[in-house]
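Note that the protein sequences, when read in sequence, are chains U and X.
Residue numbers for the first sequence follow the numbering used here, so the first one is 394 and each next one is one higher.
Residue numbers for the second sequence follow the numbering used here, so the first one is 586 and each next one is one higher.
A quick write-up on the structure given underneath.
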Amino acid sequence: MPVFYGTEIASPLMLGTAQYRSPTILAEAFRASAAGIATVSLRREAGGGQAFLRLIEALGVRLLPNTAGCHSVKEAVTTAQMARELLGTDWIKLEVIGHADLLSPDVFALVEAARELTGQGFKVFPYCTEDLSVCERLLAAGCQVLMPWGAPIGSGLGLNNPHGLKALRATFPDVPLVIDAGIGLPSHAAAAMELGFDAILLNTAVAKAGDPVMMACAMAQAAEAGKAAHRADPMEPREMATPSTPVIGKAFLS
Amino acid sequence: MKLKINGQPRDIDAESVADALAVEGLAEARVATALNGNFVPASMRTTTLLSPGDALEVVAPMQGG
């Protein structure tokens, strides 16, 4: 099971808390998925925050606040500081958004914010790309987890660059790696885990499914299947057929 | 004093961040605060004084991915 900053989590599935049709469905989806970590945001208190706080604390999972929507180092750092006080955790999912259409990370600001926050004692989970140099710099900045995107947030496109993700896994064999964003189907979840990733973080694929609870369950099963497949050391694919049934001993019938 | 709380213009009788929270009915709420973009820890709300034109942000955990 994944270990983040010395804490072992009982599931490879991390689930977001946004976009569910009701708080009841959110809670049922978490139960069905057995996800070990829930991501939350910080937003202006307009009356609903206190009830939501009670709901998420009752889920019995570890909370990972995010800096979603932050476009600058300062915004992200201030948000992280507020989240730490509010939720009593030094874990922070660090998002510094660079491009509004793709919600792609501003990797330059991301590295700067990560350095600042680790200096302040935060345990940073950076939402990043699979770029090896960026990931190297995040590790040098003190991150002990990397969370590259599979595809743009909310797109459900799966793993856009499986070769790059494979290279990242091979380059940093001992760093906990999480696919964050882009997973739309259980097959994507399984593919991420088959690549040897330690966990997956998803939200929209479950929340926006026709039956979020059933999809949460399907994602959890797929993640487990993919993890088992990776550990089972899959066969190498080949271009041409090779008979699985023995040729020797076949009756001569023509 | 005229200031903005969560982006909304307010004219309230408050000297400190703690006063402003009380006026807004959030004295007991679990919230976090930032004044003009800088985090104000709960322990410093009574000693962090407001000035006209300040922007106070009061946040709580919400849905997120």
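No residue lacks a Cβ here, since even glycine has one placed at the ideal position from N, Cα and C.
- With fewer than 16 other Cβ atoms from the protein chains shown falling within 10 Å of its own Cβ, G512 of chain U counts as exposed.
- Buried is the label assigned to Q648 of chain X, since at least 16 other Cβ atoms lie within 10 Å of its Cβ.
- DSSP, reduced to helix, strand and coil, places D604 of chain X within a helical segment of the structure shown.
- DSSP places T511 of chain U within a helical segment (H, G or I) once states are collapsed to three.
- Close partners of R615 of chain X in chain U (Cβ separation under 7 Å): Q443, L446 and L479.
- In this structure, U:V433 is the residue among U:R437, U:T460, U:N459 and U:V433 with its C-alpha nearest to the C-alpha of R447 of chain U.
- Between I430 of chain U and V454 of chain U, the gap from beta carbon to beta carbon is short of 7 Å.
- Contact between F501 of chain U and C528 of chain U fails: their C-beta atoms lie close to 14 Å from each other, not under 8 Å.
- Taking a Cβ-Cβ threshold of 7 Å, none of the residues of chain U is close to L641 of chain X; the smallest such distance is about 11 Å.
- For Q614 of chain U, there is no enclosing beta strand (DSSP E); the enclosing alpha helix (DSSP H) has its first and last residue at P605 to R624.
- Not a single C-beta of chain U is nearer than 7 Å to the C-beta of A605 of chain X.
- In this structure Q412 of chain U is in contact with N596 of chain U, their Cβ atoms being roughly 7 Å apart against a cut-off of 8 Å.
- Proximity of chain X to E529 of chain U at the Cβ level (cut-off 9 Å) is not reached, the minimal Cβ distance being about 26 Å.
- Contact between the stretch 578-593 of chain U and the stretch 615-624 of chain U is present: three or more C-beta pairs spanning the two stretches fall below 8 Å.
- Residues of the same chain with a CB within less than 6 Å of the CB of C536 of chain U, apart from the 5 flanking positions on each side, are A507, V517 and P519 in chain order.
- Under the criterion of beta carbons closer than 8 Å, M608 of chain U and A598 of chain U qualify as touching, at roughly 7 Å.
- Residues of chain X whose Cβ lies closer than 9 Å to the Cβ of I485 of chain U do not exist; the shortest such Cβ separation is about 12 Å.
- Contacts between E438 of chain U and chain X, judged by CB atoms closer than 8 Å, involve N591, L611, A614, V616, V643, V644 and A645 in chain order.
- Cβ atoms of Q443 of chain U and A614 of chain X come within 8 Å of each other, at about 6 Å.
- Shown in chain order are the members of the stretch 425-436 of chain U whose Cβ falls below 7 Å from a Cβ of chain X: T432, V433, S434, L435 and R436.
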